[in-house]
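**Q** Before anything else, here's the structure in question.
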Amino acid sequence: MSIEGATTNSDSLPITPSYLAHPPIDYKVPMTVKNPTGKPITNGIVETNGHPGVPSQPPSYVAAPMHSSYPSSIQDYLVKQNKVRVANTDDPDFIEVDFQKAQMNYSHLLTNCCKELAVNPQLVERIRKLPNTRLRNDRDVQRLCDFMELELVIKGQNRLPVSRSDTHSTSKNNYKSIHGFKNQTILY
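Take the sequence shown: its position 67, counting from 1, is numbered 67 in our numbering, and each next residue is one higher.
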């Protein structure tokens, strides 16, 4: 079949497509794969006496789901990642810190967090798991899951900022604060 001006001869093409110029080296897929027991596997099912038996190991070519909750290697099973910050500071950001699961105890958690945040461990009053749980011992630390948010509460540090309830409080730009009007009912 030829269309006007086009021929079927591949030598007359001005270019050679990449898939023709560079064919795959080994494009054939073996239909049977050897099982460690020596019996052939077809589609993941071991054949015993010519009849399909129980499914064998899952095929190695199946990709894991693309979720961040699945560890990518064995090393990820041995490490916990938590988010840590210093409580009641101007910086609201967390730092991700890795902990070895084999060494997960309260003192190791405290020293690691203090080292990452450049805080003296003797100044830490307690470790808080957000939103409102105090970590007290090794058992509490071992129950932590990945990416839990922790805060180091420093001794002598002000608690939550006290809001002034007077209506005369003003900020730096002489704008009246809303704190005095926060608990009022709005009537329409």
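No residue lacks a Cβ here, since even glycine has one placed at the ideal position from N, Cα and C.
Kindly indicate the opening and closing residues of the alpha helix (DSSP H) around R139.
**A** Working through the sequence shown from its first residue, we reach residue 139 at position 139. Here the alpha helix (DSSP H) through R139 covers D138 to Q142.
**Q** Hey, could you find the ends of the alpha helix (DSSP H) K83 is sitting in?
**A** To locate residue 83, count along the sequence shown from 1; it is residue 83. Element bounds for K83: not the alpha helix (DSSP H) but the beta strand (DSSP E), V79 to V86.
**Q** Who are the near neighbours of V109 in its chain, counting only those whose CB is closer than 6 Å to its CB and skipping five residues on each side?
**A** By one-based count along the sequence shown, residue 109 stands at place 109. Val is not the amino acid found at residue 109; the sequence shown has Leu there. Once the five neighbours on either side are set aside, the close Cβ partners of L109 are V141.
**Q** Tell me which residue opens and which closes the beta strand (DSSP E) that K129 is part of.
**A** Locating residue 129 in the sequence shown gives position 129, where the first residue counts as 1. K129 -> beta strand (DSSP E) spans V124 to K129.
**Q** Buried or exposed: which applies to E151, given that a residue is buried once 16 or more other Cβ atoms fall within 10 Å of its Cβ?
**A** Your numbering for residue 151 matches position 151 in the sequence shown. Looking at its Cβ environment, which holds 16 or more other Cβ atoms inside 10 Å, E151 is buried.
**Q** Would you kindly check if the distance between the Cβ of V153 and the Cβ of S136 is under 8 Å?
**A** Here residue 136 is taken as the residue at index 136 of the sequence shown, counted from 1. Here residue 153 is taken as the residue at index 153 of the sequence shown, counted from 1. Here residue 136 turns out to be Arg, not Ser, going by the sequence shown. Not in contact: R136 and V153 (Cβ atoms no closer than 8 Å).
**Q** Would you mind giving the Cβ-Cβ distance between D98 and V86, rounded to the nearest angstrom? I have them listed as a contact below 8 Å.
**A** Sequence index remark: in the sequence shown, residue 98 carries index 98 (1-based). Sequence index remark: in the sequence shown, residue 86 carries index 86 (1-based). Contact flag wrong, Cβ pair sits at about 19 Å.
**Q** Evaluate I145 with the Cβ neighbour count: other Cβ atoms within 10 Å of its Cβ, from every protein chain shown; 16 or more gives buried, anything less gives exposed.
**A** For this step, residue 145 is matched to residue 145 along the sequence shown. Position check: residue 145 holds Cys in this sequence, whereas Ile was assumed. Under this definition C145 is an exposed residue.
**Q** DSSP beta-bridge partners for I154?
**A** To locate residue 154, count along the sequence shown from 1; it is residue 154. DSSP output for I154 lists V124 as bridge partner(s).
**Q** Can you list, in chain order, the residues of its chain with a C-beta nearer than 6 Å to that of C114? Leave out the 5 residues immediately preceding and following it.
**A** As a position in the sequence shown, residue 114 is number 114, starting the count at 1. Excluding residues within five positions, the ones whose Cβ falls inside 6 Å are P121.
**Q** To the nearest angstrom, report how far apart K155 and F94 are at their CA atoms.
**A** By 1-based counting over the sequence shown, the position of residue 155 is 155. By 1-based counting over the sequence shown, the position of residue 94 is 94. Using only the alpha carbons, I get a separation of about 20 Å.
**Q** Where does N88 land, buried or exposed, given buried means 16+ other C-beta within 10 angstroms?
**A** In the sequence shown, the residue the question calls residue 88 occupies position 88. When all chains shown are included, N88 counts as exposed.
**Q** In this structure, how does DSSP classify L117 when only helix, strand and coil are distinguished?
**A** Counting from 1 along the sequence shown, the entry for residue 117 is found at position 117. Three-state DSSP puts L117 in a helix.
**Q** So for L13, helix, strand or coil by DSSP?
**A** Numbered from its first residue, the sequence shown carries residue 13 at position 13. Looking at L13 - three-state DSSP - the assignment turns out to be coil, as it is neither helix nor strand.
**Q** Could you give the distance in angstroms between the alpha-carbon of P23 and the alpha-carbon of S12?
**A** In the sequence shown, the residue the question calls residue 23 occupies position 23. In the sequence shown, the residue the question calls residue 12 occupies position 12. Distance between the alpha carbons of P23 and S12: 20 Å.
**Q** Might you give, ordered along the chain, the residues of its own chain that have their beta carbon closer than 8 Å to the beta carbon of K83, omitting 5 neighbours on each side?
**A** Working through the sequence shown from its first residue, we reach residue 83 at position 83. Around K83: F94, I95, E96, V97, F147, M148, E149 and L150.
**Q** Bridge partners of I95, per DSSP?
**A** On the sequence shown, residue 95 is found 95 positions in, with the first residue counted as 1. Answer is V84.
**Q** For L187, report the span of its alpha helix (DSSP H) as first-last.
**A** Residue 187 sits at position 187 when you count from the first residue of the sequence shown. No alpha helix (DSSP H) contains L187, which DSSP labels as neither H nor E.
**Q** Can you give me the start and stop residues for the beta strand (DSSP E) that T189 sits inside?
**A** Look at the range of the chain in this structure, 1 to 188, and you will see that residue 189 is not part of it.
**Q** Of the residues T185, R143 and V124, which one's Cα is nearest the Cα of Q157?
**A** Walking along the sequence shown from the start, residue 157 turns up at place 157. If we check each option's Cα against that of Q157, V124 comes out closest.
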